[in-house]
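For the sequence shown, full-length UniProt numbering assigns the number 1 to the initial residue and increments by one for each residue that follows. Heads up, the beta-carbon is just placed ideally off N, CA and C, and yes, glycines get one too. It should be emphasised that the depicted structure is a prediction, and the values quoted were computed from it without experimental measurement. Everything on this sheet refers to the single structure shown next.
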Amino acid sequence: MANRWNNIRQETITQNKAQVKRREEYDDLGEDFRLPINHKPTENLDLDNVEQASLDTQLTSSNIGFRLLQKMGWKGKGLGKDEQGMVEPIKAGMRDPKLGIGKQEEDDFFTAEENIQRKRLDVELEETEEHVKKREVIAEREQKIQSEVKEIRKVFYCDLCNKQYKLAMEFEVHLSSYDHNHRKRFKDMRDMHGSSSRDDRQKREQLRQEREMARFAQMYTFLCFPVQCY
Numbered sequence: 001m002a003n004r005w006n007n008i009r010q011e012t013i014t015q016n017k018a019q020v021k022r023r024e025e026y027d028d029l030g031e032d033f034r035l036p037i038n039h040k041p042t043e044n045l046d047l048d049n050v051e052q053a054s055l056d057t058q059l060t061s062s063n064i065g066f067r068l069l070q071k072m073g074w075k076g077k078g079l080g081k082d083e084q085g086m087v088e089p090i091k092a093g094m095r096d097p098k099l100g101i102g103k104q105e106e107d108d109f110f111t112a113e114e115n116i117q118r119k120r121l122d123v124e125l126e127e128t129e130e131h132v133k134k135r136e137v138i139a140e141r142e143q144k145i146q147s148e149v150k151e152i153r154k155v156f157y158c159d160l161c162n163k164q165y166k167l168a169m170e171f172e173v174h175l176s177s178y179d180h181n182h183r184k185r186f187k188d189m190r191d192m193h194g195s196s197s198r199d200d201r202q203k204r205e206q207l208r209q210e211r212e213m214a215r216f217a218q219m220y221t222f223l224c225f226p227v228q229c230y
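Here it is in structure tokens:
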């Protein structure tokens, strides 16, 4: 009876070990098999029948895309009604990954030597030295007129409302408006309140100084003329 119990126990332990081993094997198989990103296969690699894709090499008839185009009626010519479409593929060059599509071409265009200088207008090419001097005199006179007008319009400037007017009529209308008078009353009230507060502060400061002077005089009298007890 004891031998039978020992045999059963030994079989159970063996089965448990086998189950643990199979579970570990399954776990190993379940893990993803990955290679480093810079790994290059060197063993068991047959490159004899491998064709490297390139823009310089045309697609052969064995290419599935080439065969599908032929089934759809393509005969190796440009697409479109008049076969005016491009035949050669657009080559993709190296570009800065931080730039958007077409940004590098735009920068190259505007930084090219022939595009740095602004193209002169036909009027500038036909302009003579006399015309240049005349144009400069007119521009200087207009600038002088603008500066004089600006000085004259300073009279129509409202400091209180921070508004500039061009005509005397507009300025007079503004002076009689509710907005201007409301700001003016508010400013007068604030100035009046500020002046009264300033006067109160000066009075309090004067009283404080008078009290301090009286206290100092009392202390001086006590120290210089002590009270004698009889």
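- request: For residue 165, name the three-state secondary structure that DSSP assigns.
  value: Shown here, residue 165 sits in coil according to DSSP, grouped into three states, outside any helix or strand.
- prompt: For the alpha helix (DSSP H) that residue 156 lies in, which residues bound it at each end?
  reply: Counting along the chain, no alpha helix (DSSP H) covers residue 156, and no H or E run does either.
- prompt: Thinking just about the alpha-carbon of each residue, which of 152, 178, 21 and 176 is nearest to the one in residue 166?
  reply: For the residues 152, 178, 21 and 176, the minimum Cα distance to residue 166 belongs to 152.
task: Could you tell me whether the Cβ atoms of residue 84 and residue 78 are closer together than 8 Å?
output: The beta carbons of residue 84 and residue 78 sit closer together than 8 Å.
field: Helix, strand or coil at residue 50 [DSSP, three-state]
entry: Correct three-state label for residue 50: coil.
- prompt: From residue 13 to residue 42, what does the alpha carbon distance come to, in whole angstroms?
  reply: Approximately 46 Å between the Cα atoms of the pair.
field: C-alpha distance - residue 147 paired with residue 173, whole-angstrom precision
entry: The alpha-carbon atoms of residue 147 and residue 173 are separated by roughly 25 Å.
query: Which first and last residues belong to the alpha helix (DSSP H) in which residue 103 is found?
result: Unbroken alpha helix (DSSP H) run through residue 103: 103-110.
- prompt: How many Å lie between residue 200 and residue 145 at the Cα?
  reply: Residue 200 and residue 145: Cα-Cα distance of roughly 53 Å.
- prompt: Roughly how many whole angstroms lie between the Cα atoms of residue 218 and residue 202?
  reply: Approximately 24 Å between the Cα atoms of the pair.
- request: Using three-state DSSP, classify residue 125 as helix, strand or coil.
  value: Looking at residue 125 - three-state DSSP - the assignment turns out to be helix.
- prompt: By Cβ distance, which residues of its chain are closer than 7 Å to residue 204, with the 5 residues on each side in sequence left out?
  reply: Correct list: empty, nothing qualifies.
query: Between the Cα of residue 234 and the Cα atoms of 35, 138 and 107, which residue gives the shortest distance?
result: A question about residue 234 goes unanswered here, because the residues of the chain that appear run from 1 up to 230.
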